[in-house]
Each structure stands twice: as structure tokens, then as C-alpha cells.
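Q: Dropping a structure here in C-alpha cells format, bear with me for questions.
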Amino acid sequence: MKRDSMIDQVGETIIRAAGIGKTVPNGASGLTILSDISFDVRAGEAVAIVGVSGSGKSTLLGLMAGLDAPTEGSIHIDGHDLFALDEDGRAALRARMVGFVFQSFQLLPAMTALENVMLPLELAGARSAQVAAREMLARVGLGERLEHYPKQLSGGEQQRVAIARAFVTRPALLFADEPTGNLDAATGSQVIDLMFQLNRERRATLLLVTHDEALSQRCDRVLRLAAGRLVDGSGTP
Amino acid sequence: MSIVRELVLALRLLWRDHRAGELALIAIAIVIAVASVTTVGFFADRVQHALGRQANQLLGADLVIVADRPIAGALEEEARARGLSTVRMMRFPSMAIRGDRSTLASIKAVTSGYPLRGEVRIASEPYGAERRADSVPQPGTAWIDERLYALLALAPGDRFELGQLALTVAGIVTHEPDASIGFINGGPRVILNEADIAATGLVQPGSRIGYRLLVAGPAEAVDGYRAWAMKQLQPGQRVEGIRDARPEIRSALDRAEKFLSLAALVSVVLAAVAIGLSARRFLQRHLDSCAMMRCLGASQAMVVRLYLIHFLVLGVIASIVGCALGIAAQAALAYWLGTIVSVELPRPGVLPAVHGLFTGLALLLGFAVPPLAALGRVPTLRVLRRDLGAPGASGALTYLAGFAVIALMILWRAEGLKLGGMVIGGFVGAMLVASALTWLLLKSAGALRTQGVTWRYGIANLRRRPLGTVVQVIALGIGMMALLVLSLVRQDLLYTWRTSLPPDAPNRFIVNIQPDQVQPLRAFFDKHNVRQPELYPMIRARLVQINDRRISSANYPEERARRLIDREFNLSWAAQMQSDNRLTAGRWWSGTAPGPQFSVEDGIAETLGIHLDDVLTFDIAGETVSARVTSLRKVDWDSFNVNFFVVGPPGMLEQHPASFVTSFYLPPANATLLASLVREFPNILLIDVAQVMSQVQTMMDQVARAVQFIFLFTLLAGLTVLYAAIASTQDERLYQATIMRTLGASRAQLRRAIVAEFAVLGLLAGIIAAAGASALSYVIATKILNLPYTFSSSVWLVGALAGSAAIALAGYAGTRAVLNVPPLKAMREIG
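Residue numbers (the numbering used here), protein chains in the order written: chain A, 1 to 237; chain B, 238 to 1068.
Okay, structure coming up:
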């Protein structure tokens, strides 16, 4: 199981987190969500972040993706200091390098499946967005449902659209936040299989947040969070 | 749970929602709705009264009892008992004499207090500085006009004789409010104190004297008195209000009233939309808590009751605030109006406040409560499965109650089933057309979807909620239409109207010119270098038969038609059609002997049901004349040229007794010419139309300004809808922006997408606005101002471009907050 992501192809460090801390204002002292977290992820690796509810794992994923800023510490993605960039710089980096899969799919309700998948390509200024999006949807088995709106699709189908959207830009990094959380066991396992399969094909680096131990065992490495601290799996692989 | 505890719980919910900022938008919507309604209400109420009074200045009173015998003292006593002011007036013609000079003058004797409405202006010497007269002439003195001054070679302080009494000239009348009533006061004028009448010895049995009782006071008291007086009338007596005296002023007033109430209703409709949108947002944000309440054991009915109480309390509070704001706004408005209109506005009544309160609650009950009823039907399972929404919460059927409320309000404001029905029908029709148009435009805008992510995002957002988009487009369209009408269209119309009256439009009419005076009169004009005016023959006739049908006023339900049948027509003959007439049907005659036939003005033809080829029979001094109608004409009555309803060809009517009539322009500097004119032709009747014209013009202008001001509120209400619409979709926008940010969209890309969406929305609204403004200006031009409609492309251009730009800007301003929220935070907030 642990060999799903072909560790032999692991390359250079693609994510470097150093001394990450996150505190949110709460009364006089503030509430510490994460503190002193450091780890590296190498290109091509599949890393699971696990922990109980409230351990800070989704916050950590958000910080890795530059969706929010840490209170202290730094994060380097592919050599770029994430927080030396401004919002638009981080957005551009995401457009270039990062794909996302969320627990609640996060598809745009106003757009068709095809348009949802085209979106990240268009944001990155890609030319043949439609061709790529069609191919990608066909690859996840939704070639016949291009013009359907999210509300016309089942949960599993929506998540497959989301996976297609995540991979269509051929991202170097895939961030997944509880990707099976809203799906039943059978559908969830199909989606996970698809995700790992694509990840392997595309040689992407996977950062997966989950509380599912079985799922985490399919990754190369597990980072375990408890009360905002890294308790296991820190350091380098 | 007891009622009291439920009430307490409802209030607690209200307080929590208030604390959480959930109520701000809906409360603001109600406050603005009520504020605009009450402001419009107060304003319209006061303007309507002011316009009424302005019109009443032409009568010198609110109500006049006219009689050919002295009016019983009981009529005056009753008026005073009702708290009304009264003035007695006598009018009759008599000779005014000074030395060897004498002339027939129109005498007006008044008691103190005259005029009750409007003002008399006098000057100390002819063409001197005029001032407002603050009393009536003292006994033994008289005010005369410039013509009498010229005719008798009088000067201030001189004396002249009226019957057996010598009167001292105390002033030159330059303006009197009731001068133009009925067009019969042709002679030079004398105004004296009624106390002097007995001493003149002119009032004898058989004297032709018109008696008048002028009455004025608060509108309700006048109406009450009018109803009472109608029952007391003797033969030879009649009641005249401004509405009876001058049909053209009556219709102008009616149109103004209709226009003002319509403008007010448009604002009400827009406010309703704003409230509906706010309530929808409230509903969506409360689905969870309601599901949780159901889950914790609250019954469906209880949830509905709780929120009903919650909203009623909110509605009352917001309505009161709105009323207070309305009162303040109308005061500011009255102040502003006070500086542009020289009419003192009457104090506002309480009624508009009551209406406002009712309006607020009615709008709330019609547009906020029905969608909230859906809260009670929230599936309890939603606590586990958030995608389970409220059942059918935003369907059009939900607002059926709201539509009913609006319909009732229209019927109530229109004060009549027929007009109300027409307005509702017109409104629904216009809405349907606008909706269909918007829907079509939206559908064709789909083509833009292929133009990259910016357009796709914008258009997709609009198309995702076609109903919501249609509502927004129409609401904004109405607001923008108001703006277009009050800027471009109003300018166009005023320009057309002003230029339609040439500066040398006739300002004097001469009536009763005898056939043997035609040549001498022409010679007179030549001698004094006045441009030779056209003289028209005029024969008095009564229409007695259309085809084989004898007609009488009883055949016509319409008052105007009855009056036309009862009074005598003026027939004329001409070889050529007048240049300001336009043929609308049939052919004008030609040749040397065209044979008997008539050409009829199309307005009167419509009123009396006369068609081309009908045979009309007139009674001319006991003889009947019949002929076929061979043409219908449109007449420009505003040109102040002499015009006739019915004209025959030459050779048909000449044997009947005729007099001649003409109109001409006399520069104000040449006013002394009138004196010599009257001296040479003592029997003619000279009518000053300039005064009538300027009064009508002032009134038109005030109506235009009033409408313009009320349209400002319509615009405000339209913007409220935009704000409510943006707010009601704010969560969704935040969500979409967050996902786009996460997927790597730059701020610029997001900004472009937002601007694209609102630009398209504004473009659609601009097109609707231009269409509406064009239709409205067509109606205003052709139906109200009687002007030819000219198509204005600038309305479309400005509507589309400015609409697009303004809404893009407003929409961006309203939504730019979504650009600044860190994606993770936003994602957490939306869940």
C-alpha cells in the first residue's frame, strides 16, 4: 500500500515549512492553532496530515497553499518564499503549481462541469482550455456529462469534476482536504483510487489532510498533528 | 408554550438577529420604502393642494357660486359657519364717462377680501412698477385698467363717472386672477368697492348683472360646502370650481395628479422588490437555525409564529423610523420647492403618515413574510445534510400575496376601479414585456460566454438566476428610466414645447368684428404697422343631427361631449386649410365650387362619435344646414391661432349672419394701440390671451418639476433594489470569489469578472430603461403635451452606455469586499 506514489521517483524538496505558527486573536492572549511546525516535502511524495478534529490540520493545509498567512515562520514552495509574495503573487503561484480537492467539492454552481474544469486553465491564461478540460473530464469518466451543472450531478460525480479541475493544469502539487468526507464508503474509495492513479500518472506531489487512518496509510509518509503541534513524522522522509 | 413566552422568545430572536447584523438590510429596506413612500405622499399631497390652489387663482377662489339674481344671504352665512372665507362680487357692463368721452366698460364690484386665491397687482401709473394690492378699492375710489385709462384719457387721481357716482382713480390694474375666465370680459375694466354700488344707481330691475359668491378655505370644508350648496341651488344659479371653469386646466390638473400618484407607485413597487430580496437573504441565512429549532422540538407552526412576530415588531419599528425620515425629507423638499415655486405650500396632513405606516406593514406582509413561511417547512434533516434547502422558497407564487398588496394599493391610490384596473393592467403588461425582453437579451448574451473566463463568469452568474436577474434588470431599468425621463426626455419635451410656440404667437383675440368693419380694421392695422392678421368668418350654429339620428346632450355620458352639444358651435368657411392644421382622414376640397361639405377637427369627432362620410345637420338661427363630412383635421390648439371645430367650403355658409374673428401678436410696447382700436371699433371684444398663456405655462412648469422631483425617489428606490440584490447574493459571490482565488485567480481577473457581470446587468437595465423612457416620452408628448413625438437616439445611447458603466461601478463598489477576504477565512465562514 505504501508504495502507491513511487517513492523511487522522489526528487528535490518542493515544500519547506520552517517554524510555522498561527495564532488568532481571541481575548487578551490569542488562541494558538499551530505552533513551531517544520517539515519538508519532496517532489513526487505523497504525504498525509492526520489528527483529530481541531488539531489544526486544515489550517496547516491552507497555509501551505497560501490561502492564509502564518503568524510566524516561513513556507517555501518550489523555492519561492510564499509570504514574501503578495496575494496576487501567491494566486499566480497556485495557478501555476497547485491543484485542490475539497471535502465539499467547491464547484461553482453557475458553471457547467466543463466550465468548472476549464476555469483554472483560463485563469492561468491557457489557450486550448476546452480541449484539455474535455479530455480531463473524459479521463475521470464524465465525458458524457460536460454540460451538466453541479446540482445535476451526484456527490461522487461532483468530486470527480473537482479532481478533474485539480489535475487539468498538470499541477506539481495537489492539496486534498478530506476528499472523501462527504461521500459514502464505496464512492469514496473510487474517488481516492482515481486521485492516487492520476497523482501517479502526473507525478504530482500530494498533500492530503484526513482523519482516515486507512487512507493515510496509502501515502508515503504521515505527519501527525495534535493540539497544533507536529507529534510524528516531522523532518525529512 | 404560552403566547407571552413566545412573544418574549420572538423578541429575543429579534435582538439576537439585530446583534448579529442580520436585520440591518431588511430594516434599511423597510425604512427606505416607508421613507420614500411618505415623502412622496406628503410631497404629492402638498403639491396637489398647491397646484389646486394655483389653478384656483384663475378663479380667484376655490369655489364660486354664479347667479343671475342676488345670491341669498344663507349661502354666504353657511360658508362662514363652516369656517370658509367669502367675498361677494357683481359683474356687469356699464358706460364709464369722463367729460365728453365715454366707453362701455366691464364693472366688477367686490367686497373686502377679494381675491381669495391669487392676487391683484396694481400700478400707480400706466406702465409703472406694479405691486400686490393688499386690499380692495376704498369706497369712492376705483382701479381701472390701461385701456380705460387710454380711452378716457384718465390719470391717477382723476375722477370719472359710473352711473350717478363719481369715482377717483386709485390705481391701474395690471393683473387680476379671474380675468380670463370664460373669455367674455373683453371691455376695459373697472374694479370698485361693493359698498359704492347702491350710489351708482346702476342696479335696477332688469339690469343684466352677474352675481358671484367666492368661497375659499380648507379642501375638506370646501368639498362639504360644495355638496351642501349643490342642494340649495335655485334656477339660474350654478356652482363653479376650477374644475368646472376651464376644461383645459381641469385636464391638466387631472393629468398631474395621475402622474404624481403613478410616480409614487413606481417607488412602492421598487421598494417591494428590495424588501423581497432582503427577506430572501434572511431566509437563506436562517435555514440552519430553523432546522436546529425544529430539531430541538419546535413545531412548524411555532417557527412560523415566532418569525411572524419577529417581523411584525421589526416592521412597526422600521416603519416609524421611515415615517420620521419621510417627514424630515418632505420638509427639506418643501423648502427646496419653496425656492423654485412661488406658491406657498399648504401644511402636510397626517394622512400620508398613516398611509406610510400601512404601506410599510403591507409591503412586509406581502413580500417578507410569505417567503419566511418557508422557514417553518425547513426539513429537520438539514442539521445533518446542509444541501437540503427550504422547499420552493423563492417561487413566484410566494409573492402572490405581495402582488395582491400592490394591486390593492394601486386601486386605493387610483381611487377608482377603472383607472386602477388600467394602471394594474398597464403595469403588468409593461412588466411582462420587459421580462420577456430581458429574458431574450439574457439568452442572447449567452453567446458572450465563449469569450473567456471574465465574460463567462459574469454571464454565468446572471444566467444562473434568470428570475433574479430579470427582477434586478427591471428594477434598475425602472430607476434608470426615471433618471432618463427627468434628464434627457424632459429636456427634449420642454425644448419641443417651447419652440412649438413662436415668440410672436398671437397674444390678442378680436371677436365680434362685423362684416362692414373688416375693411376698416385692415386699414387700421396697416396704418399702425401691425402685421395684417387673417380674419376668419364665424357663424354660430347648433349641431342637431348626425346622419338620421337627432342628438341631444342626453345621448352622451361624457361631460365634455354634453357641453359641446349644449353650447353653440362656431362654424367657419375657408378655401384653404389653415397652415397649423393637418389632415388625418379624407380630402380637403378644391376647385371653384366644391359643394356643401364639412371638415371636422378629429378630437371633437372622436368625442361626439362623428366619422368620415357622416352627414351633419346644424341649426343656424332657425335654418338647418346639412352636409357630409369629407375630411378630419388635427388642430394645434396650443398655437393660439383662431381655429374652428367645423369648417365648410366657400359658397356654402355665406348667406347666414356671420361675424369675424382674428388673433394677432401685439408687442407689449404697443399696448396703447388697443385704446385707439377700441375707440374706432367700440363694439369689438378684445381678449388678452397672453395672461392666460403665462398662467398655463407656469402651471405646466410646476407640474414638470413636481414629477421630476418625485422621479428622484424612484431612482433612489431603484438603487435600493440594486443594493439589496448585491447583498442578497453576497454570500454566493464570496464563495465564488474564494474558489476562484484558490484556483489561482488574480485580483484583476476577479475584478474584471465582477465588472463584466454588472456591466452586462447594467446594459440590459439600460436597454429596458431606454425602451421605457421612449414609451413614456411618447405618452407624455402625444397624450399630455400634445406635441409630435420625436425619436431620440441619445436616450438609447446614454441608457445603454451610462447604465452599463454606472451599474458596473455600483456593483463593483458593492462587491469589492470579496476581493479582500483571505480565501481560507472566507471558506471557513461559508462552511
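Don't be surprised by glycine CBs; every beta carbon is placed ideally from N, CA and C.
Measure the CB-CB distance between G66 of chain A and A91 of chain A and report whether it falls below 9 Å.
A: yes
Q: Hey, could you find the ends of the alpha helix (DSSP H) G586 of chain B is sitting in?
A: Where G586 of chain B is concerned, there is no enclosing alpha helix (DSSP H), given that its DSSP letter is neither H nor E.
Q: Out of curiosity, what's the CA-to-CA distance linking I711 of chain B and W649 of chain B?
A: 24 Å
Q: Identify each residue in the stretch 979–993 of chain B for which the Cβ-Cβ distance to at least one residue of chain A is less than 7 Å, and report them in chain order.
A: T979, L980, G981, A982, S983, R984, Q986
Q: If K57 of chain A sits next to V50 of chain A, beta carbons under 8 Å apart, how far is it from one beta carbon to the other, in whole angstroms?
A: The beta-carbon distance between K57 of chain A and V50 of chain A, rounded to whole angstroms, is 7 Å. This is short enough to meet the 8 Å contact definition.
Q: With 7 Å as the limit, tell me which residues of the stretch 179–206 of chain A have their beta carbon closer than that to any beta carbon of chain B; keep them in chain order.
A: Using a CB distance below 7 Å, no part of the stretch 179–206 of chain A faces chain B.
Q: Is D36 of chain A helix, strand or coil when you go by DSSP?
A: strand
Q: On the DSSP bridge assignment, give the partners of D232 of chain A in chain order.
A: A:R224
Q: Measure the CB-CB distance between V117 of chain A and A164 of chain A and report whether it falls below 9 Å.
A: yes
Q: Please list, in chain order, all residues of the same chain as P774 of chain B whose beta carbon is under 7 Å from its beta carbon, the five residues on each side excluded.
A: S809, W810, A895, F897
Q: Could you confirm whether any beta carbon from chain B is found closer than 9 Å to the beta carbon of P319 of chain A?
A: An answer regarding residue 319 of chain A cannot be provided, because it is not within the stretch 1 to 237 covered by chain A.
Q: Who are K240 of chain A's beta bridge partners in DSSP?
A: Not covered by the structure: residue 240 of chain A. The range shown for chain A is 1 to 237.
Q: Looking at the C-beta of L107 of chain A, does it have a partner C-beta in chain B at a distance below 9 Å?
A: yes
Q: Does the distance from the CB of G73 of chain A to the CB of S38 of chain A come in under 9 Å?
A: yes
Q: Interface residues of chain B around F167 of chain A at Cβ under 8 Å?
A: What F167 of chain A touches in chain B: nothing, since even the nearest Cβ is about 12 Å away.
Q: Is E356 of chain B helix, strand or coil by DSSP?
A: coil
Q: Quick check: is the beta carbon of R518 of chain B nearer than 9 Å to any beta carbon in chain A?
A: Closer than 9 Å: no.
Q: At a Cβ threshold of 9 Å, is P237 of chain A touching chain B?
A: With a pLDDT of 45 at P237 of chain A, under the threshold of 50, the modelled position of that residue is not reliable, and the figure given next carries that caveat. It does not; no Cβ of chain B falls within 9 Å.
Q: G89 of chain A lies in the beta strand (DSSP E); which residues open and close that run?
A: No beta strand (DSSP E) contains G89 of chain A, which is instead part of the alpha helix (DSSP H) from 87–97.
Q: Spell out the partners DSSP gives V781 of chain B in its beta bridges.
A: In the DSSP output, where bridge partners are listed per residue, V781 of chain B has none listed.
Q: Give the interface partners of L1061 of chain B over in chain A, defined as CB-CB distance under 7 Å, in chain order.
A: In chain order, G62, L67, D68 make up the part of chain A whose C-beta sits under 7 Å from the C-beta of L1061 of chain B.
Q: Roughly how far, in whole angstroms, is the beta-carbon of G19 of chain A from the beta-carbon of D36 of chain A, given that I think they are within contact range, below 8 Å?
A: 6 Å
Q: Is any beta-carbon of chain A found at less than 9 Å from that of I976 of chain B?
A: yes
Q: Can you give me the start and stop residues for the alpha helix (DSSP H) that M136 of chain A sits inside?
A: 129–139
Q: Give the C-beta separation of L845 of chain B and A822 of chain B to the nearest angstrom, bearing in mind that I take them to be a contact with Cβ-Cβ under 8 Å.
A: Rounded, the Cβ-Cβ distance is 15 Å, inconsistent with contact.
Q: With distance defined between alpha-carbon atoms, name the residue in B:A993, B:G999, B:P1060, B:L949 nearest to I976 of chain B.
A: In terms of Cα proximity to I976 of chain B, the closest of B:A993, B:G999, B:P1060, B:L949 is B:P1060.
Q: Which of the three DSSP states is assigned to A627 of chain B in this structure?
A: Bear in mind that a pLDDT of 49 at A627 of chain B, under 50, signals an unreliable position, so the number given afterwards is only what the model happens to contain. Coil at A627 of chain B, not helix or strand.
Q: Just the chain A side, please: which residues come within less than 7 Å of V690 of chain B by C-beta, in chain order?
A: L119, E122, L123
Q: How is the beta strand (DSSP E) around G408 of chain B delimited, first residue to last?
A: The continuous beta strand (DSSP E) containing G408 of chain B extends over residues 402–412.
Q: Between L146 of chain A and the rest of its own chain, which residues show a CB-CB distance below 7 Å, the 5 nearest in sequence each way excluded?
A: T112, A113, L114, R134, L137
Q: May I ask you to verify whether the stretch 830–838 of chain B touches the stretch 859–878 of chain B, counting CB pairs closer than 8 Å and requiring at least 3?
A: yes
Q: Grouping DSSP H, G and I as helix and E and B as strand, with all else coil, what is E72 of chain A?
A: strand
Q: Okay, do the stretch 396–403 of chain B and the stretch 330–339 of chain B touch, 3+ Cβ pairs below 8 Å being the bar?
A: yes
Q: Looking at the unbroken beta strand (DSSP E) that takes in W810 of chain B, where does it start and where does it end?
A: 806–810
Q: On the DSSP letters alone, give me the boundaries of the alpha helix (DSSP H) that S1031 of chain B sits inside.
A: 1030–1052
Q: So with Cβ pairs under 9 Å, would you call Y1049 of chain B a contact of chain A?
A: no
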